[in-house]
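Visitor: Just so it is clear: in the sequence shown, position 12 is 13 by the working numbering, and no numbers are missing.
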Amino acid sequence: MQRSRRERRRAARKRWWLALLLVVCLLLGFAGSLWPNLFLSAVLRLDHLRTGTALSELSVDGQLWSLARRGEVQPGQPVWVFVHGLTGSKENWLPLLRQLPSDAAIVAPDLPGWGESARLPGGDYGYAAQAERLAALLVALDLRDVVLVGHSMGGGIAAVTAARHPERLRGLVLMSASGTPFKPNDFGRAVLRGEHPFAVRTRAELDAYLGLVFIDPPFLPWPLPQALLQRRQADFEFERGVLESIGRGPQAFLPEQLAGEIARPTLLLWCRGDPVIDPSAAEAYAAVLVESRSLLLDGCAHMPMMEQAAGTAAALLVWSEAVP
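(1) Thinking C-beta only, is L225 closer than 7 Å to L41?
(2) Looking at the strands, I want to know which residues DSSP matches up with M176.
(3) Measuring CA to CA, which of V289, M304, G300, P266 is closest to S321?
(4) Please state whether DSSP places P305 in a helix, a strand or coil.
(5) Looking at C-beta atoms only, is the number of pairs between the segment 250-259 and the segment 165-184 that lie closer than 8 Å three or more?
(6) Beta carbon of I263, beta carbon of A164: below 7 Å?
(7) Do R134 and Q78 have their beta-carbon atoms positioned less than 7 Å apart in this structure?
(8) Our contact map puts G212 next to S153 with C-beta atoms below 8 Å; I'd like the distance itself, whole angstroms only.
(9) Taking the straight line between their C-alpha atoms, what separation do you get for V82 and A106?
(10) What is the rounded straight-line gap between the Cα of V84 and the Cα of F199?
(11) Between which residues of its own chain and G124 is the CB-CB distance below 8 Å, once the five residues before and five after are set aside?
(12) I believe P96 touches A228 by the beta-carbon criterion, under 8 Å. Please report the beta-carbon distance rounded to the nearest angstrom.
(13) Please return the same chain residues whose Cβ sits closer than 8 Å to the Cβ of A288, not counting the five positions on each side in sequence.
(14) Nearest by alpha-carbon distance to L317: which of L142, S118, T54, S295 is it?
(15) The alpha helix (DSSP H) with F239 in it runs from where to where?
(16) Give the range of the beta strand (DSSP E) segment to which W66 is assigned.
(17) In three-state DSSP terms, what is I158?
(18) Compute the Euclidean distance between the alpha carbons of V148 and N186, then round it to the nearest angstrom.
(19) Helix, strand or coil: how does DSSP classify S90 here?
(20) Are P305 and L298 touching if we call contact CB-CB under 7 Å?
Here you go:
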């Protein structure tokens, strides 16, 4: 009889916990339907926590920056500053940061206008204006011995920064960088036709976008696709305006035009089969840079820092050890 009572109590507790779990799941499902962006923000915060990055904000010359930072700045040691690309954010770098030494000094900002950094109405978000803002950020943070790593559009911005404001830089990494002519591909032809090939207004376009920048797109559990879709829908006109400036405007090849003035060692790192910025862009940059080394990675499309994080980290560390 005593054993039977214990079994009944266990069964009752099990039913209670199952009922509670069901209620929680229903509440999460209801909340996720109403506020998918809150879920996305929570997931990103957890990813920063897992990576050990601290989030902060800083106002520089009237521009509010959102920053992710990790590690202490040590005299004579490199400070890694990571600059994301078009439609990107500081979170693009988190898989790579987890592969870098935990004590390395790291700063990953959201570029002005993107992510959680402020977007000013009518602001200029082309290469030159963003390079000036980035240079001002390095001064405000008093960073020296900077290894500036720019991806895609961020690579073009980093190249302009290195050419015009080299004094705080130790080295430069152009990763799948825009800002120079490259072998014609579908993406480039669409840009020249005045289209926005990164546009995300429907779930089908979100899937197509992920299939373009990744060989193996990451799994996005519900309700993250809906949250990403809402954000990209809201940013469509802004994205198209920036693409007009950096893809078809007078500054489209400004990074390459200034690259010959870059007096810092430069690593050109691409995915071998990049369908966005063809690897021939690395050859174009190498032809005008004073000192450069090129590396092509396999197993990735346009996002080496996410799709080949370990290989990208190893390449950065090996190269940086040879930078005086």
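Quick reminder that beta carbons are idealized off the backbone N, C-alpha and C, glycines included.
Guide: So, from the listed chains and residues:
(1) Along the sequence shown, one-based indexing puts residue 41 at 40. Along the sequence shown, one-based indexing puts residue 225 at 224. Cβ distance < 7 Å, so L41 and L225 count as in contact.
(2) If you number the sequence shown from 1, residue 176 lands on position 175. In DSSP, M176 forms a bridge with H152, L270.
(3) Translated into the one-based positions of the sequence shown, residue 321 becomes position 320. Comparing Cα-Cα distances from S321 to each of V289, M304, G300, P266, the minimum goes to P266.
(4) As a working mapping, residue 305 is identified with position 304 in the sequence shown. Per DSSP, reduced to three states, the secondary structure at P305 is helical.
(5) yes
(6) As a working mapping, residue 263 is identified with position 262 in the sequence shown. As a working mapping, residue 164 is identified with position 163 in the sequence shown. For I263 and A164, yes; Cβs fall inside 7 Å.
(7) Locating residue 78 in the sequence shown gives position 77, where the first residue counts as 1. Locating residue 134 in the sequence shown gives position 133, where the first residue counts as 1. Not closer than 7 Å, so no.
(8) Residue mapping note: residue 212 aligns to position 211 of the sequence shown, counting from 1. Residue mapping note: residue 153 aligns to position 152 of the sequence shown, counting from 1. Actually they are not in contact, since the Cβ atoms of G212 and S153 sit about 17 Å apart, beyond 8 Å.
(9) Residue numbering aside, residue 82 sits at position 81 when the sequence shown is read from its first letter. Residue numbering aside, residue 106 sits at position 105 when the sequence shown is read from its first letter. Cα-Cα distance, rounded: 9 Å.
(10) Position 83 of the sequence shown holds residue 84. Position 198 of the sequence shown holds residue 199. Approximately 18 Å, taken between the alpha carbons.
(11) By 1-based counting over the sequence shown, the position of residue 124 is 123. Only P113, G114, A130 meet the Cβ criterion.
(12) As a first step, residue 96 must be located in the sequence shown, where it is residue number 95. As a first step, residue 228 must be located in the sequence shown, where it is residue number 227. The Cβ separation is near 19 Å, so there is no contact.
(13) Position 287 of the sequence shown, counted from the first residue, corresponds to residue 288. Contacts found: none.
(14) Start at 1 with the first residue of the sequence shown, and residue 317 comes out as number 316. Per the Cα distances, S295.
(15) Residue 239 sits at position 238 when you count from the first residue of the sequence shown. Taken as a continuous stretch (DSSP letters only), the alpha helix (DSSP H) holding F239 covers 237-244.
(16) As a position in the sequence shown, residue 66 is number 65, starting the count at 1. Segment 64-71, the beta strand (DSSP E) holding W66.
(17) In the sequence shown, counting from the first residue as 1, residue 158 sits at position 157. Helix at I158.
(18) Within the sequence shown, the letter at position 147 stands for residue 148. Within the sequence shown, the letter at position 185 stands for residue 186. Cα to Cα, V148 sits roughly 30 Å from N186.
(19) Taking the first residue of the sequence shown as 1, we reach residue 90 at position 89. Note: S90 maps to coil in three-state DSSP.
(20) Locating residue 305 in the sequence shown gives position 304, where the first residue counts as 1. Locating residue 298 in the sequence shown gives position 297, where the first residue counts as 1. Cβ distance < 7 Å, so P305 and L298 count as in contact.
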